[in-house]
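For the sequence shown, the working numbering assigns the number 244 to the last residue and increments by one with no breaks. In this text, a Cβ means the ideal position worked out from N, Cα and C, and glycines have one as well. What you are looking at is a predicted structure, and each value in this text was computed from that prediction instead of being measured. Structure, as structure tokens:
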Amino acid sequence: MSSTWQRIVAAWGSLRSRFWAALLMDAMALILVFILISNWQTRNLPDDGDTPPLQAVWLDDWKADSALEPGKSGVVYFFAPWCSICRVSIDNLDELVKSGDIEWARVVALDYSSLDEVRAFIVDTDVELPVILGSAETARDWQIQGFPTYFIIDADGNISSRSVGYSTRLGLKARAWLNKS
């Protein structure tokens, strides 16, 4: 190979390695920004540990002894019927419960004007999970400031993870899996 080709190949290799290094740095910066935003969004939520009370006022007479399921890990998901992010993310939770990746979930309606508004949301989104009618006291106890907000609850009934905003099915599944480990 001539020295010209050797220089071209060397330059190409250098450009390629700089491209991947820059791409890796961009990805790391993006991950850092995501972590910082997530930490800022959850700064006022209850810390990991004891779970606040959750009054079980069920929509449409669903029956259970407790809002949580002792001995099993699950998710408590707070939504508002007017929330567009809730509308597109709640099916992720519904599917994970149906598939058995999450043992149980409770969907808690907050900031609604009528039961019909909550029912319309549930029908529109095809949610099959039990729905609890939250109150201002529920929102205060759980320190809800945005929607959707969800908490991963461990088998001992304690909060092990919390988040605000959209979560993918994979993200919820990973958090639930980490909770079981």
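Using the C-alpha atoms, what's the distance from residue j back to residue i?
| i | j | result |
| --- | --- | --- |
| I148 | S230 | 10 Å |
| A14 | T114 | No statement about residue 14 is possible, as the shown extent of the chain runs from 64 to 244 and does not include it. |
| V190 | A90 | 35 Å |
| E166 | A85 | 41 Å |
| V160 | A168 | 7 Å |
| L93 | R79 | 21 Å |
| V181 | F210 | 14 Å |
| W205 | P116 | 8 Å |
| G234 | D154 | 13 Å |
| W68 | W75 | 10 Å |
| I207 | L95 | 24 Å |
State yes or no: is the C-beta of residue i within less than 8 Å of the C-beta of residue j?
| i | j | result |
| --- | --- | --- |
| R225 | F214 | yes |
| V120 | F142 | no |
| V194 | L122 | yes |
| L196 | A218 | no |
For residue i, does the count of other Cβ atoms within 10 angstroms reach 16, so buried, or fall short, so exposed?
| i | result |
| --- | --- |
| F82 | exposed |
| S177 | exposed |
| P144 | buried |
| S152 | buried |
| V139 | buried |
| S223 | buried |
Report back the beta-carbon spacing between residue i and residue j to the nearest angstrom; my notes put them in contact at under 8 Å.
| i | j | result |
| --- | --- | --- |
| D164 | K243 | D164 to K243, Cβ: 10 Å. No contact. |
| T201 | Q118 | 6 Å |
| L192 | L241 | The pair is not a contact, with the Cβ atoms about 21 Å apart (cut-off 8 Å). |
| G248 | I216 | This structure cannot speak to residue 248, because the chain is shown only from 64 to 244. |
| E158 | R238 | At roughly 15 Å, the Cβ-Cβ gap does not stay under 8 Å, so E158 and R238 are not in contact. |
Only counting the same chain, and skipping five residues up and downstream in sequence, which positions put a Cβ closer than 6 Å to that of residue i?
| i | result |
| --- | --- |
| T212 | F141 and V227 |
| F184 | P144 |
Residues in its own chain within less than 7 Å of residue i by CB, not counting five upstream and five downstream?
| i | result |
| --- | --- |
| D174 | A143 |
Tell me which same chain residues have a C-beta within less than 8 Å of the C-beta of residue i, skipping the five on either side of it?
| i | result |
| --- | --- |
| E132 | E166 and W167 |
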